[in-house]
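So the structure is just underneath, and the comments pick up after that.
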Amino acid sequence: NKFLFVIHGGAGTITKGSITAVEEQSYKEKLKEALFAGYEILKNNGSSLDAVEAAIKIMEDSPLFNAGKGAVFNNKGKNELDASIMDGRNLNAGAIAGVHHIKNPISLARLVMEKSQHVLLTGDGAEEFASANGIQLVPEDYFYTEKRWQQLLKAREGDKKDSIPKINYINSDYKFG
Amino acid sequence: TVGAVALDKHGNLAAGTSTGGMTNKKFGRVGDSPIIGAGTYADSICAVSCTGHGEYFIKNAVAYDVSARMKYCGHSLVQATEDIIHNVLEKQGAKGGLIAIDKDGNLAMPFNTTGMYRGYIKENGSWEVKIY
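Residue numbers (my numbering), protein chains in the order written: chain S, 1 to 177; chain X, 1001 to 1132.
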């Protein structure tokens, strides 16, 4: 009856001083919220899949993390989301990539796993599958956050200078495409 | 990128990962997050979710490699994950980390950057969230 739950919200050159104390507290509180969402499910005899989906949805709905609401912008100024999920009992898996209108990509990945014969759906086809299965699409501006937009503008400046800006590309989820 | 791995009371493992990719990416670039075996993997041995420089995680089949090392080499979860992050990836200049748990309730959260937003909670309710 042992159970256990672990989450992450991304890796990078995050150092003390690179984020404010208030931001640090915000991250910790949101991580705690996601952690306990999964814990409550597991404690109440819920499945590992349900715990994983619930926690990731909380982080996707937060602008703090690079997923869902807090997603970064691609070169065209659009948010492009990817997700995957896997069930260890039977190696069932589902994934989606390159979607622009899915509020919770992890839930669509799970839907692909449970309601299709496929593993990975991409782009328009993935969104068509979502619509066909009752997932409401959200407008692209749902994903807009000023912080991520400014990061894109900074990255584009780097493009113009033909050099990589002196910012950490993982922490800022930055890389030339 | 965000991710989660879980072991439930029935002994079942699961893993999930979700991401917005990389700022300013072009040409429909896709990283490891939606690639089963690269950024996400779960079987009856362990569950893994990765974050970092996706191209390297794809080329090294990182998430699956954790399970493979445990299955074929008899490595512990910690041994497998530490070697992949701090040896294999580090030598290639790849930055990132992963979270993993195994069927026996062990956990690992290695990373080779200066920080990774992460947290765990155990059956007895003991928990921790860390950044650095």
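Beta carbons: idealized from backbone N, C-alpha and C, even for Gly.
- For chain X, the residues of the segment 20 to 38 of chain S that bring a beta carbon within less than 8 Å of one of its beta carbons are Glu24, Tyr27, Lys28, Leu31, Lys32, Ala34, Leu35, Phe36, Gly38, in chain order.
- Proximity of Lys2 (chain S) to chain X, defined by a Cβ-Cβ separation below 8 Å, is satisfied.
- Residues of chain X whose Cβ lies closer than 7 Å to the Cβ of Asp87 (chain S) are, in chain order, Ala1014, Ala1042.
- Put simply, the backbone Cα of Met1116 (chain X) is about 29 Å away from that of Gly123 (chain S).
- Any Cβ of chain S closer than 8 Å to the Cβ of Val1062 (chain X) would place that residue at the interface, and such an atom is absent.
- For Glu29 (chain S), the closest of X:Gly1119, X:Leu1077, X:Gly1052 by C-alpha to C-alpha distance is X:Gly1119.
- Interface annotation, Leu42 (chain S): in contact with chain X, CB-CB separation under 8 Å.
- Of all residues in the segment 95 to 119 of chain S, only Ala95, Ile96, Ala97, Gly98, Asn104, Pro105, Ile106, Ala109, Arg110, Val119 place a beta-carbon less than 9 Å from a beta-carbon of chain X.
- Bounds of the alpha helix (DSSP H) holding Ser1067 (chain X) are 1062 to 1073.
- Residue-level contact by beta carbon holds for Gly46 (chain S) and chain X, with a gap shorter than 8 Å.
- Here Gly38 (chain S) is near Phe5 (chain S), since their CB atoms are less than 8 Å apart.
- Put simply, of X:Lys1071, X:Gly1096, X:Tyr1072 the residue whose alpha carbon is nearest the alpha carbon of Glu1082 (chain X) is X:Gly1096.
- DSSP places His1086 (chain X) within a helical segment (H, G or I) once states are collapsed to three.
- Leu1107 (chain X) belongs to the set of residues whose beta carbon lies under 8 Å from a beta carbon in chain S.
- For Ala37 (chain S), there is no enclosing beta strand (DSSP E); the enclosing alpha helix (DSSP H) covers residues 21 to 43.
- Taking a contact as a CB-CB distance under 8 Å, the pair Ala55 (chain S) and Leu42 (chain S) does not count as one, their CB atoms being some 10 Å apart.
- With fewer than 16 other beta carbons inside 10 angstroms of its own, Pro139 (chain S) counts as exposed.
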